[in-house]
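Numbers 154 to 302, taken from our numbering, label the letters of the sequence shown in order. Heads up, the beta-carbon is just placed ideally off N, CA and C, and yes, glycines get one too.
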Amino acid sequence: MDSIISTFHIDWKIIIAQAVNFGIVFAVLYIFALKPLNKLMAERTEKIKKGIDDAKKSEEMLLKAAHEYEENTIKLRKLSIDTQKELKKDLEKLRAENIERIKKDEAEHIKKRAVQMEIDKKTLVESAKNEIASLATLIAKKIMEGEKK
Numbered sequence: 154m155d156s157i158i159s160t161f162h163i164d165w166k167i168i169i170a171q172a173v174n175f176g177i178v179f180a181v182l183y184i185f186a187l188k189p190l191n192k193l194m195a196e197r198t199e200k201i202k203k204g205i206d207d208a209k210k211s212e213e214m215l216l217k218a219a220h221e222y223e224e225n226t227i228k229l230r231k232l233s234i235d236t237q238k239e240l241k242k243d244l245e246k247l248r249a250e251n252i253e254r255i256k257k258d259e260a261e262h263i264k265k266r267a268v269q270m271e272i273d274k275k276t277l278v279e280s281a282k283n284e285i286a287s288l289a290t291l292i293a294k295k296i297m298e299g300e301k302k
């Protein structure tokens, strides 16, 4: 066993010092890099879930509006036996307006969500870049201080 240690020039003091240094670097990286990044990812996940929930609510509103439209159409047909031709024109106009309104509202909502998501994404990326850069600088300073000692 001693021949292997002397052949490979194994110094237990250096190995233990390296293990301690590794532990310190690992702990610093975990505290100052991994925890903040996990927090940012959790916040972003929550924002994405909120966006999905908003989209589902919009879809439900669209289905509700379409259902209400169908109910109105049936009622109007029952009431309009005598004036069917005139009411058909009014009905087509109402249908077009409802669909246009729904499309307009949905398009505006989608545009707003897309813009907000892009802003959130840019902010998150910029924040992460700044955080990583500051952490890298801090780690480099700590390493340089450690080498000077």
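Nearest candidate by alpha-carbon position, reference residue 290, set 185, 163, 180 and 231: Out of 185, 163, 180 and 231, 185 has the C-alpha closest to the C-alpha of residue 290.
Residue closest to residue 264, alpha-carbon to alpha-carbon, out of 204, 174, 160 and 297: The residue with the shortest Cα to Cα distance from residue 264 is 204.
C-beta contact flag for residue 281 and residue 182 at 8 Å: No, they are not a contact pair.
Nearest-angstrom beta carbon gap, residue 293 and residue 255 [assumed within contact, 8 Å]: Between residue 293 and residue 255 the Cβ distance is about 56 Å, and since that is not below 8 Å, they are no contact.
Supposed close pair residue 197, residue 277 - CB separation, criterion 8 Å: Contact annotation, residue 197 with residue 277: C-beta distance approximately 6 Å; criterion of less than 8 Å satisfied.
Residue 163 in three-state terms, based on DSSP: Note: residue 163 maps to coil in three-state DSSP.
Inter-residue spacing [alpha-carbon to alpha-carbon] between residue 179 and residue 275: Distance between the alpha carbons of residue 179 and residue 275: 29 Å.
CB contact below 8 Å: residue 285 versus chain E: This model lacks chain E altogether; it includes just one protein chain.
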